[in-house]
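The sequence shown maps to residues 3 to 363 in our numbering. Where a beta carbon is used, it is the ideal one built from N, C-alpha and C, also for glycine. The model shown is predicted, which means the values in this text are computed figures rather than measured ones.
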Amino acid sequence: MSSLSIYAGPTALKRISEEGLNQQQFNVLVGASGGPKWFVLYGLDRYLFGDFFANRKTELITLGTSAGAWRMCCLATADPVAAVERLAQLYSNETYSSQPDTDEITNKAIEMLNGMLGDHGVEEIVNNRIFRTNIIADRCRGFGSSRSKPIKMAALGMSAVSNLVSRRALSLYFERTFFSTMGERCPWGEANDLKTALVEMNEDNAEDAMLATGSIPFVLNGVRNIKGSKPGLYLDGGITDYHFDLPFHKGEELVLYPHFSADVIPGWFDKHIPWRRVDKDNFHNVVLVTPSAEFAASLPYGKISDRKDFEKLTSDERLTYWQAVLDRSERLAEDFSALVDSGVGLEDIKPFTERNKAGYR
3 MSSLSIYAGP
13 TALKRISEEG
23 LNQQQFNVLV
33 GASGGPKWFV
43 LYGLDRYLFG
53 DFFANRKTEL
63 ITLGTSAGAW
73 RMCCLATADP
83 VAAVERLAQL
93 YSNETYSSQP
103 DTDEITNKAI
113 EMLNGMLGDH
123 GVEEIVNNRI
133 FRTNIIADRC
143 RGFGSSRSKP
153 IKMAALGMSA
163 VSNLVSRRAL
173 SLYFERTFFS
183 TMGERCPWGE
193 ANDLKTALVE
203 MNEDNAEDAM
213 LATGSIPFVL
223 NGVRNIKGSK
233 PGLYLDGGIT
243 DYHFDLPFHK
253 GEELVLYPHF
263 SADVIPGWFD
273 KHIPWRRVDK
283 DNFHNVVLVT
293 PSAEFAASLP
303 YGKISDRKDF
313 EKLTSDERLT
323 YWQAVLDRSE
333 RLAEDFSALV
343 DSGVGLEDIK
353 PFTERNKAGY
363 R
């Protein structure tokens, strides 16, 4: 049994069938929101960062939100494997008081971010000319930036209801903001599906942007008035771009998307909207690498880790379970490495349309 299920758009499927898999095919690497769901990809990240993309000579553009953004930031540090190992260790061992408030959780997130980055991580990320980092945080518009919790809750509720009618309605409440080490060269700075802004990521704002992209509403406080950006409250980039529905790359180069699920959901509010599906044209050159359903079912509790584990398990149970997922995630790296080295199994890559649940629109 392979631990992997891989799906590819038509452009990607054609190239892989002709050439196999190699790192030079890829121009973009994507990391989605998902919190502890990421743990199932940890071993694969270590392989990609320390082997597959090691000694990269040409530019690789990365795009991420929330936990995916932190992973992509790890890649741009001087020792990406060590950085992602620190992130996994700190995140998987996180504990809180019995009734944590947003201040406690925010402070813990800051400690985790600082531990992940080390002394020089920010400098390394913003000055890296091979791994070009792009992360998304969402600026609240109107009364969504209020300091009043009831008012912010009302704004979030209205945005969720408006999103039922049209995803574009999110622009009434949020401005997707790309923080990019590429400046004006950011491939998505002029995206027009939603109201979008572009801010150059630098040493003055990188940590705030990283904290903001993971600031789940009413779980973390968010970040106000990030340097170089418009005034306001910045929250989790997954609100607008949970798993992304963007034109990742317009050329023939491919997009590598390690993901914890075969399901791709455009925005945070779309999780329970079965008719909201991604645009097939955005995924024509994407290679989506996911844990197979059989592998996920073989994990403790028969599933991959997620934030609900905080509520359903004791601390000891959760920490043991999460470590087991991290350990077992090495299997994904082994199977992907074998696929790259031997080509055996490439014939099992499925067209993107054959994903488990969602489809194209």
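H245 sits buried, since 16 or more C-beta atoms from the chains shown fall within 10 Å of its C-beta. In its chain, beyond the 5 residues on either side, F271 have a beta carbon closer than 6 Å to the beta carbon of A162. With at least 16 other beta carbons inside 10 angstroms of its own, H261 counts as buried.
Judged by beta-carbon spacing, P38 lies within the 8 Å limit of W324, meaning their Cβ atoms are closer than that value. Shown here, R169 sits in a helix according to DSSP, grouped into three states. In this structure, the straight-line span from the alpha carbon of Y49 to that of S339 is close to 8 Å.
The beta carbon of G52 lies closer than 8 Å to those of P82, V83 in the same chain, with the five residues before and after it left out. Put simply, of T355, A171, I127, P219 the residue whose alpha carbon is nearest the alpha carbon of P152 is P219. By the 16-neighbour rule on beta-carbons within 10 angstroms, H122 is exposed. Annotated three-state conformation of K305 is coil, per DSSP. In the DSSP annotation of this structure, the continuous segment of the alpha helix (DSSP H) that includes D47 starts and ends at 44–49.
Proximity to K252 across V280, N284, I138, V289 peaks at N284, based on C-alpha coordinates.
Sequence-distant Cβ neighbours of I228 in its own chain, meaning closer than 7 Å and more than five residues away, are N207, D210, A211, A214, Y236.
The C-beta distance from V42 to S331 rounds to 5 Å, short enough to meet the 8 Å contact threshold. Every beta strand (DSSP E) stretch that sits fully inside the segment 5–78 and reaches 3 residues is listed by chain position as 6–10, 28–33, 62–66. Rounded to whole angstroms, the gap between the alpha carbons of P268 and R170 is 12 Å.
The segment 219–293 contains, as complete beta strand (DSSP E) runs of 3+ residues, the segments 235–238, 256–260, 288–293 (chain order). In the structure shown, T108 adopts helical secondary structure according to DSSP, grouped into three states. Within the segment 305–347, the alpha helix (DSSP H) runs of at least 4 residues that lie entirely inside it are, in chain order, 311–314, 317–330, 332–344. Classified as buried, H286 has 16 or more neighbouring CB atoms from the shown chains inside 10 Å of its CB. Of the candidates R141, V128, W40, D265, R141 places its Cα closest to the Cα of S231. Leaving aside the five residues that flank R333 on each side, the residues in its chain whose CB is nearer than 8 Å to its CB run, in chain order, S5, G45, F297.
Beta-bridge pairing by DSSP links L200 to F180. For A111, the CB contacts under 7 Å within the same chain, skipping 5 residues up- and downstream, are L213, G216, L222 in chain order. D195 carries a coil assignment under DSSP once its states are collapsed to helix, strand and coil.
Between T108 and the set Y303, Q91, P249, D238, the nearest pair of CA atoms involves D238.
In this structure, A78 is the residue among D105, I138, A78 with its C-alpha nearest to the C-alpha of G120.
A14 is not a Cβ neighbour of V266, given a cutoff of 8 Å. For N136, there is no enclosing alpha helix (DSSP H); the residue is part of the beta strand (DSSP E) that begins and ends at 133–142. If you draw a straight line from the Cα of W40 to the Cα of K273, it is about 17 Å long.
One Cα belongs to E96, the other to A71, and the distance between them is close to 19 Å. Excluding residues up to 5 positions away in sequence, A78 lie with their Cβ nearer than 6 Å to the Cβ of N130 in the same chain. Linking K352 to G144 through their CA atoms gives a straight-line distance of about 44 Å.
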